Amino acid sequence: WIHAVSVGEVNVAIKLIKSLRRASRSKSIVLSTTTPTGHDIAKSSGADLIFYHPLDFLFIVNKALRLIDPLTLILTEAEIWPNLVSKANRRNIKVSIINARLSNRSESRYKRFSFFSAPVLRMLNLVCVQDEADIKTWDSLGVNLNKIFFTGSIKYDASHLKTPSRLGEFRELLSRVLLGNQRKIMLAGSTHPGEELMLARKYKILKDKFPELFLIVVPRHVERCKSITEEISKEGLDVELRSNLDRQLANRETNKAIDCLIINTTGELDAWYYLSDVVIIGKSFLHNGGQNPVEAIFAGKPVIVGPNMENFSALVSMLNHHKGLIQVDGSETIVESITKILSKPEIAQNIVSNANEVLSCHQGATNRTVKLLVDKSF
Numbered sequence: 004w005i006h007a008v009s010v011g012e013v014n015v016a017i018k019l020i021k022s023l024r025r026a027s028r029s030k031s032i033v034l035s036t037t038t039p040t041g042h043d044i045a046k047s048s049g050a051d052l053i054f055y056h057p058l059d060f061l062f063i064v065n066k067a068l069r070l071i072d073p074l075t076l077i078l079t080e081a082e083i084w085p086n087l088v089s090k091a092n093r094r095n096i097k098v099s100i101i102n103a104r105l106s107n108r109s110e111s112r113y114k115r116f117s118f119f120s121a122p123v124l125r126m127l128n129l130v131c132v133q134d135e136a137d138i139k140t141w142d143s144l145g146v147n148l149n150k151i152f153f154t155g156s157i158k159y160d161a162s163h164l165k166t167p168s169r170l171g172e173f174r175e176l177l178s179r180v181l182l183g184n185q186r187k188i189m190l191a192g193s194t195h196p197g198e199e200l201m202l203a204r205k206y207k208i209l210k211d212k213f214p215e216l217f218l219i220v221v222p223r224h225v226e227r228c229k230s231i232t233e234e235i236s237k238e239g240l241d242v243e244l245r246s247n248l249d250r251q252l253a254n255r256e257t258n259k260a261i262d263c264l265i266i267n268t269t270g271e272l273d274a275w276y277y278l279s280d281v282v283i284i285g286k287s288f289l290h291n292g293g294q295n296p297v298e299a300i301f302a303g304k305p306v307i308v309g310p311n312m313e314n315f316s317a318l319v320s321m322l323n324h325h326k327g328l329i330q331v332d333g334s335e336t337i338v339e340s341i342t343k344i345l346s347k348p349e350i351a352q353n354i355v356s357n358a359n360e361v362l363s364c365h366q367g368a369t370n371r372t373v374k375l376l377v378d379k380s381f
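Following this note's numbering, the numbering of the sequence shown begins with 4 at its first residue and continues without gaps.
Have a look at this one:
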């Protein structure tokens, strides 16, 4: 039984399930979530059963454990349910936390109520932490030191990523769009409402310095592409939809010169990353949370993020510390940062090199976690 609260934890669980299937094909896997969005994403997890996590009341927990009768209970990141853990322990069900992390707030809360939390934490069979420094923290909270292992973060494990199989096809397509000209590519990935217009305006400013600059926008939700096209066109830019390129190719139509390509087809973002010169991560300027920058880093591209990267704060903090990305305070400094990257290749290369060094400690985190689970919890 794997429990994952919401979207971020469910994405971790999905990677874990794929790896568990390879390591232990005969085991059934059930996945519980807490939020509707997490539940929707869990449908693609490959779990045998998906359900909402039961409330942490004794009689409900007892019934859930009796019905599911799990061999092991795996909690993701920081979700510790006292009644569930204690009742599972009483039934000799091994309880693990994977991708374990603790915010400063959670740590102080656990310490403040240690008379209550420490006995529960001592029941844990395995704690797989994202950061080596966290070993001391979990130990101080009551977890047995010999049960704590550094695995790295599954969320930032890029070992499952591969060079896109259709990369050559997209490179040829882009060459047709650019009419065979060599141009610098500014890519905005997983953008949200308001970000496209803001970035289009910054692009217009950058065009004065870099006339060969080309803009690719990959919205998080493709159903918004029509309105985005209209919005950017009003800025005086020539815009084309990705889906129209296939029709033009089939009909042997002559391509016209354009400024911006909007990707309204799904599952292609990773390939477009490879063809860009600088990547701006969406949902990090006008919306809270941000998107995962790992794929762009894996593609070997310098990454720029906005001030709102709460969902990936630990990773962004490490990348900032090692100069593995550029985080801007707001839209005002984007032009300056992109100019720096495009005009000085050595700066771009240093950012990419530093980012890969940060990710290297998380490489293989999924497989390390699965090996520990199989060895100690099954």
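All residues carry an ideal CB built from backbone N, CA and C; glycine is no exception. Keep in mind that this is a model prediction, so the values were computed, not measured.
Please classify residue i: is it buried, with 16 or more other beta-carbons within 10 angstroms of its beta-carbon, or exposed?
i       : result
His-56  : buried
Arg-371 : buried
Leu-216 : buried
Asn-149 : exposed
Asp-249 : exposed
Ala-335 : The sequence as given places Glu at residue 335; Ala does not occur at that position. Exposed: under 16 other Cβ atoms inside 10 Å.
Pro-167 : buried
Pro-39  : exposed
Asp-280 : buried
Leu-70  : exposed
Leu-164 : exposed
Asp-241 : exposed
Ala-191 : buried
Leu-61  : exposed
Lys-30  : exposed
Gln-352 : exposed
Phe-301 : buried
Can you tell me the Cα-Cα spacing of residue i and residue j, whole angstroms?
i       : j       : result
Trp-141 : Ile-151 : 8 Å
Thr-49  : Ile-266 : First, the residue type needs correcting, since residue 49 is Gly and not Thr in the sequence shown. Their Cα atoms are separated by approximately 28 Å.
Asn-254 : Lys-229 : 22 Å
Thr-37  : Val-306 : 32 Å
Gly-51  : Ala-274 : Correcting the residue identity first, residue 51 is Asp in this sequence and not Gly. Cα to Cα, the separation comes out at about 31 Å.
Asp-332 : Asp-378 : 45 Å
His-224 : Val-10  : 16 Å
Val-98  : Lys-90  : 10 Å
Ser-297 : Ser-22  : First, the amino acid is wrong: residue 297 is Val here, not Ser. The straight-line gap from Cα to Cα measures roughly 19 Å.
Lys-286 : Gly-309 : 8 Å
Pro-73  : Ser-47  : 21 Å
Gly-293 : Leu-328 : 14 Å
Arg-125 : Ile-283 : 43 Å
Thr-194 : Leu-200 : 10 Å
Phe-315 : Glu-256 : 43 Å
Val-8   : Val-15  : 11 Å
Tyr-159 : Ala-368 : 8 Å
Ala-45  : Ser-35  : 8 Å
Val-64  : Ile-5   : 15 Å
Cys-364 : Val-13  : 22 Å
Ser-320 : Ala-26  : 33 Å
Asn-295 : Phe-119 : 35 Å
Ser-111 : Lys-326 : 30 Å
Ser-356 : Lys-212 : 26 Å
Asp-43  : Ile-17  : 12 Å
Of all the options the options, which has the alpha carbon lying nearest to the alpha carbon of residue i?
i       : options                               : result
Thr-232 : His-224, Leu-244 and Arg-223          : Leu-244
Asn-86  : Ala-67, Glu-80 and Lys-304            : Ala-67
Leu-129 : Ala-302, Leu-76 and Glu-175           : Leu-76
Ile-157 : Glu-80, Ala-121 and Asn-147           : Glu-80
Leu-289 : Asn-95, Asp-262, Gly-197 and Leu-182  : Gly-197
Asp-59  : Val-88, Ile-53 and Asn-357            : Val-88
Leu-322 : Thr-268, Val-33 and Glu-360           : Glu-360
Gly-41  : Ala-121, Ile-53, Arg-93 and Asn-247   : Ile-53
Gly-270 : Asn-107, Phe-173 and Asn-311          : Phe-173
Arg-169 : Leu-272, Ile-219, Glu-82 and Asp-211  : Leu-272
Gln-251 : Leu-176, His-324, Lys-114 and Tyr-276 : Leu-176
His-324 : Ser-346, Ala-358 and Lys-304          : Ala-358
Ala-161 : Gln-330, Ala-299 and Val-373          : Ala-299
Quick check: is the beta carbon of residue i nearer than 8 Å to any beta carbon in chain B?
i       : result
Asn-254 : Chain labels in this structure do not include chain B; a single protein chain is all it has.
Open item on the list: Below 8 Å, how does it come out for the region 94 to 109 and the region 126 to 134: are there three or more Cβ pairs, yes or no?
Closed with: yes
Open item on the list: For a minimum of 4 consecutive residues, which ranges assigned as the alpha helix (DSSP H) are wholly contained in the region 162 to 210?
Closed with: 170 to 180
Open item on the list: At 4 residues or longer, what runs of the alpha helix (DSSP H) sit wholly inside the region 351 to 380?
Closed with: 368 to 379
TODO: Please determine if the region 334 to 341 and the region 201 to 209 are in contact, where contact requires at least 3 C-beta pairs separated by less than 8 Å.
DONE: yes
- [ ] Taking only runs that begin and end inside the region 111 to 164, name each unbroken alpha helix (DSSP H) of 4 or more residues, in chain order.
- [x] 117 to 124 and 137 to 144
Open item on the list: Suppose only complete runs of 4+ residues qualify. What are the alpha helix (DSSP H) ranges in the region 56 to 95, listed by chain order?
Closed with: 61 to 71 and 85 to 93
TODO: Report the residue ranges of all alpha helix (DSSP H) runs contained in full by the region 275 to 333; include only those spanning at least 4 residues, in chain order.
DONE: 297 to 301 and 316 to 324
Task: Completely contained beta strand (DSSP E) runs for the region 208 to 262, where each covers 3 or more residues - done: 217 to 222 and 242 to 244
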